[in-house]
Amino acid sequence: MSARTRRIRRWAVIPAVLAFVVAGTALVVPRLLEHVGTNAGASALPWGPPCSVADSGEFIGLTRAEARAATTAVLAERYGGEVPDTSGIDPAVLERLREGPPDDAGPSLSCRASLTDGLDGEEATETGLTPRAERVRREIAHFVGDERLGGYEPGGVTTGHGEDSAHYDGRAIDVFYRPVDEANRREGWLLAHWLVAHAERLHVANVIFDDRIWNVRGSQGGWWPYESPDPENEILRHLDHVHVDVQPGARE
């Protein structure tokens, strides 16, 4: 075979390779979108904006700063406090965060996030929380007060939660919305969305509420169904409280 023939055959392969890539994309993207369509609050595509709000079957992309401002605004409207400027944000985003999906309470918003590299491990302090968790507690209490907060105590907790719970390490906080009814579900989602929007800043690992979980490792997929060890137990299903835990960091 001549050198010229070999060159021709090499070039002939390129269109076939391109066709294979295009065909593969045509198969993968619809499947991804199909998955996202059933997973409320997920970003439409992994390379899109870092945050998004689902609105009538479509996704409104947001920067992380916009998501933080929008979620803070609806919390401040509900509980009082300074409302950040949201004039550059689509009003549909704020409406959806306030009201939830048309036929449900939530979720509406999700953000992609990453584990924080080089994060040091922390021990619980006299409050029963690690410094990272204590920061989250203070910021939550700024909006909702201390009365709703639980899942920790001075000296730490050793019972009352599942095996290997982050509560036992002082890394978790529960924010209660009782009784379990539609009004409290909607109110709980205001905080759950705020925690997700601020997850990277606060080093959040998990947010669980209302049979849904957002996890930093799986955040590209949005909110996932939460599998409770007891489907009949409202507490274990996190129907009456928002659970948040922070990243543990690296242990020495």
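2 is the number of the first residue of the sequence shown in the working numbering; add one for each residue after it. The beta carbon of each residue, even a glycine, is placed where N, CA and C say it ideally should be. Since the model is a prediction, treat every value here as computed from it, not as a measurement.
- Distance from the CA of His244 to the CA of Leu203, rounded to the nearest whole angstrom, comes to 14 Å.
- Under the three-state reduction of DSSP, His199 is assigned to coil, being neither helix nor strand.
- Using a C-beta cut-off of 8 Å, the stretch 103-112 makes no contact with the stretch 81-88, since fewer than three inter-stretch Cβ pairs fall below that distance.
- Scanning Ala251, Pro249, Pro226 for the CA closest to the CA of His239 turns up Pro226.
- Fewer than three Cβ pairs drawn from the stretch 147-166 and the stretch 204-216 lie within less than 8 Å of each other, which leaves the two stretches out of contact.
- Arg213 is classed as buried because its beta carbon has at least 16 other beta carbons within 10 Å across all chains shown.
- Ranked by how close their Cα comes to the Cα of Glu127, the residues Gly119, Glu154, Ala193 have Glu154 in first place.
- For Arg79, the enclosing alpha helix (DSSP H) begins and ends at 65-80.
- For Arg113, the three-state secondary structure derived from DSSP is coil.
- The criterion of a C-beta distance shorter than 7 Å is not satisfied by Ala173 and Asp104.
- Uninterrupted beta strand (DSSP E) stretches at least 3 residues long and entirely within the stretch 78-158 occur at 110-112, given in chain order.
- Excluding its 5 nearest sequence neighbours in each direction, Asp91 has C-beta neighbours in its own chain below 6 Å: Ile61, listed in chain order.
- Counting other Cβ atoms within 10 Å of its Cβ, Ser57 stays below 16 and is therefore classed as exposed.
- Short of 7 Å from the beta carbon of Gly219, and not among the five residues preceding or following it, lie these beta carbons of its own chain, in chain order: Trp225.
- The beta carbons of Phe177 and Asp241 sit about 6 Å from each other, so the pair counts as a contact at 8 Å.
- Across the set Gly107, Leu150, Asp165, Glu123, the C-alpha of Gly107 shows the shortest separation from the C-alpha of Arg187.
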